[in-house]
Amino acid sequence: MFKIGRNDKCWCGCGKKYKACHERSDEENLKFYVENGYPIPDRHLILTPEQIEGVKKSAKVSVAIMDELDKFVKEGISTEDIDKLVYEMTSEAGGICAPYKYGDFPKHCCTSINNVVCHGIPSKNDVLKSGDIINIDVTTILDGYYSDMSRMYMIGDVSEEARKLVEVTKECMLKGIEAVKPYRPIGDIGNVINDIADKNGYGVVRALCGHGVGLKFHEDPIVNHFRTDSKTMVMVPGMMFTVEPMINAGTWDCNVSKKDGWTVTTKDGSLSAQWEHTVLVTEDGYEIITL
Ligand SMILES: [Zn+2]
Ligand SMILES: [Zn+2]
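Here the sequence shown is numbered in the numbering used here, starting from 12 and rising by one per residue.
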């Protein structure tokens with residue numbers, strides 16, 4: 012099932028053999044999904060208690076950085092300066108910024124302003140002004156463990172329209188996370204998020220998704236934020252992934268910059284917002300790791 016040998020140690024960290032611990036209950040819990048052809052996570056997607064502790068330490072660094080940014084992300088700061096702060100704080104904590112040189116990404120975090128959906132590249136030319144909304148996305152590697160999170164910041168006086176988008180997007184993330192339950196398909200998350208977006212007349216970005224995280228930057232499962240009735244991967248305790256809805260004030264359609272190959276913008280020019288947490292599936296629900 013998870014390709015755990017019966018005589019191997021159980022995934023839960025009890026130290027007992029799998030056959031003496033979770034083998035039977037796993038079989039019962041997953042029976043329906045196996046019979047109906049849902050993808051079942053591979054063993055390597057289930058983190059051991061030691062690995063979970065490692066990601067939690069990494070998350071402490073990410074959270075401290077974001078908290079500290081609250082003081083600096085104001086009118087007049089450039090996204091290049093934000094990037095420098097993220098780099099300095101990460102290095103001081105003994106960590107590495109995962110985005111730097113990920114593919115050919117040139118900076119240490121993503122800064123996505125207004126109609127930029129995600130993957131905005133920090134630049135000295137992008138200076139924050141009153142009325143802007145910006146997503147800052149930080150991924151820290153500490154001792155080999157990855158924690159990924161992002162927040163929105165509202166600069167000076169923002170429009171009612173922008174404030175509402177930022178708040179509803181946060182609600183989308185939190186309600187999506189509340190849908191995280193063991194032995195349920197991961198598509199539940201997107202179904203909840205899409206309902207909230209629909210009620211507000213917003214578009215849910217389809218081209219980008221949440222992802223497994225912890226031992227790598229991007230890993231299975233794919234976490235879509237839009238509605239689906241397809242058979243999505245079953246969530247099991249010990250899985251870790253991000254929930255990071257990108258919500259557009261207009262339609263879900265996006266463009267990727269031909270110039271830099273990274274910056275994603277809304278096709279209709281409307282505002283876009285995003286919030287992100289790293290989440291662990293527990294035996295009775297979820298735990299937000301990046302709190
Ligand atoms: Zn992120
Ligand atoms: Zn992410």
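The C-beta atom is built at its ideal place from N, Cα and C for all residues, glycine as well.
For ligand 1, a non-hydrogen atom lies closer than 7 Å to the CB of S161.
Exclusion of the five residues before and after G105 leaves L153 as the residues of its chain whose Cβ lies within less than 7 Å of its Cβ. Per DSSP, the unbroken alpha helix (DSSP H) holding V72 starts and ends at 60 to 83. Here S268 carries a coil assignment [DSSP, helix/strand/coil]. For S283, the closest alpha carbon among the candidates V72, E91, K68, M163 is that of M163.
For F252, the enclosing beta strand (DSSP E) begins and ends at 251 to 254. Taking the Cα of Q285 as reference, the smallest distance to any Cα among D115, W263, S134, V247 is reached at W263. Using a Cβ distance threshold of 8 Å, I204 and K186 count as a contacting pair.
The C-beta distance from T274 to C265 rounds to 10 Å, too long to meet the 8 Å contact threshold. Counting along the chain, A173 sits inside the alpha helix (DSSP H) bounded by residues 171 to 189. Relative to ligand 2, even the nearest heavy atom lies 7 Å or more away from the CB of E178. Inclusion of I124 and D137 in the CB contact set at 8 Å is warranted, their separation being smaller than that value. Taking C-beta atoms under 8 Å as the contact rule, W22 and I51 fail to qualify, at a distance of about 13 Å. Counting C-beta atoms within 10 angstroms of its own C-beta, V45 has fewer than 16 neighbours from the protein chains shown and is therefore classed as exposed. With a cutoff of 8 Å on beta-carbon distance, I188 and Y297 are scored as near each other. Excluding the 5 residues flanking it on each side, R217 has same chain C-beta neighbours closer than 7 Å at F237, W263, in chain order. The C-beta distance from K20 to Y29 rounds to 7 Å, short enough to meet the 8 Å contact threshold. When distances are taken from the beta-carbon of E287 to the heavy atoms of ligand 2, the shortest one is below 7 Å. If you ignore the 5 residues before and after G261, its C-beta comes within less than 7 Å of the C-beta of G214, T277, D279, S281, all in its own chain and listed in chain order.
Of the candidates V127, D159, R174, E91, the residue whose Cα lies closest to the Cα of S134 is E91. Counting along the chain, T90 sits inside the alpha helix (DSSP H) bounded by residues 90 to 103.
Approximately 6 Å separates the beta-carbon atoms of M160 and T289; this is inside 8 Å, confirming the contact. Note on geometry: alpha-carbon atoms of V97 and S268 lie some 24 Å from one another. Exclusion of the five residues before and after Y111 leaves H119 as the residues of its chain whose Cβ lies within less than 6 Å of its Cβ. Less than 8 Å separates the beta-carbon of T101 from that of I107.
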